[in-house]
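Following numbering that gives the first Met the number 0, the numbering of the sequence shown begins with 0 at its first residue and continues without gaps.
Data block below; observations after.
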Amino acid sequence: MNELAIRTATGLLLIAIALLAAVVGGYPFAFFVAAVATAMFYEWTRLVRGWGPAWYISGFFYALLPAIALLWVRGWDEHRFYLLLWVFIVTWSTDIGAYFAGRRFGRRKLAPTVSPGKTVEGLYGGIAAAALLGGAWALATGLGHALLPLAPSFAIAAQGGDLFESGMKRRAGVKDSGSWLPGHGGVLDRLDGLVPVAVLTAAAQLLGLT
């Protein structure tokens, strides 16, 4: 199996697990989110070993805040379930759009000192994918027009989260945050974009924008 096939297979499996947990909701979803947050914090502590206590404390909140945000966004009704799926769609489409646009059209480096593989064209591809798919989902499910400008904005935040984690790995001198997920690395590698999108969506929901 080549790298793309492994990455795709792992990605589809992760998507299926996340969607199943989201559909079930309730305590199963809460346990799933708690398990993922625990794995994130574990990988974080490995990355920042020797960096000082402030980094360990920061990692606790880095894992905790998106977990709380996802539980809040999910809620108990149909509208909130659709909003949770919007969070997933924006995050996943950003990642996929950036990956393929970067591979096909990538020329200009986005942040060569932090993540040499990321390109400006990949950034644009991720934003476009999130705007199209996130916007389509918002309109199809009646989530509201307010999410239309938020989708591309949150796509930028997702890629910022990706760059942040890449900077941490570069400082730690490692390629991946872990080796749990074939083709993707660790849990942090897979969820670095979800962290800001989840938190920002919960904030938007609290402010009455969704």
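A virtual CB, placed ideally from N, CA and C, is assigned to each residue, including glycine.
Computed from a predicted model, the values in this text were never measured in an experiment.
By the neighbour-count criterion, in which 16 or more other beta carbons inside 10 Å mark a residue as buried, Ala66 falls on the buried side. Within the DSSP bridge table, the entry for Ser114 names Ala110 as partners. Relative to the Cα of Gly121, the nearest Cα in the group Tyr26, Ala139, Arg79 and Ala157 belongs to Ala157. Counting along the chain, Leu132 sits inside the alpha helix (DSSP H) bounded by residues Val119 to Thr140. Ser178 is classed as exposed because its beta carbon has fewer than 16 other beta carbons within 10 Å across all chains shown.
Taking C-alpha positions only, Ala130 is separated from Leu149 by approximately 8 Å. Between Ile16 and Phe40, the C-beta gap is not smaller than 9 Å, which leaves the two residues out of contact. Contact between Gly141 and Gly96 does not hold, since the beta-carbon distance rounds to 24 Å and is not under 8 Å. In this model, Leu13 and Thr93 are separated by some 16 Å (Cα to Cα). Short of 7 Å from the beta carbon of Pro181, and not among the five residues preceding or following it, lie these beta carbons of its own chain, in chain order: Ile5 and Thr9. At a Cβ-Cβ threshold of 9 Å, Thr209 and Leu146 count as neighbours.
Counting only residues of its own chain and dropping the five nearest sequence neighbours on each side, Gly184 has a CB closer than 8 Å to the CB of Lys174, Asp175, Ser176, Gly177 and Ser178.
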